[in-house]
Amino acid sequence: MVEIVPNFVYNVPLARQQLRDLTRSNGIVAVHKKYASFKGRMLIVGFGSVGQGSLPLILRHIDINPEQITIITANAFGREIAGTLGVKFIVEPIKSDTYVAQYDKYLGEGDFLVNASYDVNSLDTIEYCQKRDILYID
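Taken in order, the sequence shown gives residues 23 to 160; the numbers are from my numbering.
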């Protein structure tokens with residue numbers, strides 16, 4: 023049985039310390055196996071629990087620099103975590119009438135879009151990526 027904890031508050035200082043443990047001043051510790059190398063830009067759309075849990079894994083197991091990654095999200099939740107890892111963080115909700123222009127600012131052919139958002143239209147985003155040869159995962 024799963025216990026629901028009412029009024030749970032995310033422990034930002036503890037999370038920040040755990041993230042510092044994963045990093046050094048020169049970046050992510052290189053003792054973890056890198057399964058892939060990626061030289062393009064990566065855009066993470068949404069940064070709730072899925073995005074926040076995925077980012078350290080991306081940095082740990084993919085040969086990518088934090089400077090190549092941009093997070094775009096509807097609210098500021100997670101800004102400190104992204105900042106601790108050296109990743110750009112932009113609060114800019116994706117809208118159905120402007121998503122093409124929004125994505126075009128951050129992506130081009132060969133880049134990678136990670137959709138970690140629950141309120142962004144996946145089908146429109148997949149079509150956008152397919153037309154532009156952008157890698158996509160949801």
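The beta-carbon is built from N, C-alpha and C at its ideal position, and this holds for glycine as well.
In this text, all values refer to a predicted model and were calculated from it rather than measured experimentally.
Task: Straight-line gap, I116 to D146 (C-alpha atoms, nearest Å) - done: Here residue 116 is taken as the residue at index 94 of the sequence shown, counted from 1. Here residue 146 is taken as the residue at index 124 of the sequence shown, counted from 1. Near 12 Å, if we compare the C-alpha coordinates of D146 and I116.
Task: Same chain, Cβ closer than 6 Å to F69, neighbours up to 5 away in sequence not counted - done: What you label residue 69 is simply residue 47 of the sequence shown in a count that begins at 1. So the qualifying residues of the chain are I93, T95 and G100.
Open item on the list: Less than 7 Å between the beta carbons of I9 and V142, yes or no?
Closed with: Summary: the structure shown does not reach residue 9, with the chain confined to residues 23 through 160, and so no result is reported for it.
- [ ] Would you mind sorting T120 into buried or exposed? The rule is 16 or more other CB atoms within 10 Å of its CB.
- [x] For the purposes of this step, residue 120 is taken as the residue at position 98 of the sequence shown. It is exposed - the Cβ of T120 has fewer than 16 other Cβ atoms within 10 Å.
- [ ] Assign S71 to one of three DSSP states: helix, strand, or coil.
- [x] Here residue 71 is taken as the residue at index 49 of the sequence shown, counted from 1. Helix, per DSSP.
- [ ] Enumerate in chain order the residues of its own chain whose CB-to-CB distance from A58 is below 8 Å, with the five nearest sequence positions on each side excluded.
- [x] Working through the sequence shown from its first residue, we reach residue 58 at position 36. Result list for A58: H83, I84 and D85, in chain order.
Task: Contiguous beta strand (DSSP E) assignments of at least 3 residues, all confined to the stretch 98-151 - done: 110-113 and 134-137
TODO: Grab the span of the beta strand (DSSP E) containing Y158 for me, first residue to last.
DONE: For the purposes of this step, residue 158 is identified with residue 136 of the sequence shown, where counting begins at 1. Where Y158 is concerned, the enclosing beta strand (DSSP E) stretches over L157 to I159.
TODO: Starting from S59, follow its DSSP beta bridges and name the residues at the other end.
DONE: In the sequence shown, the residue the question calls residue 59 occupies position 37. Answer is D85.
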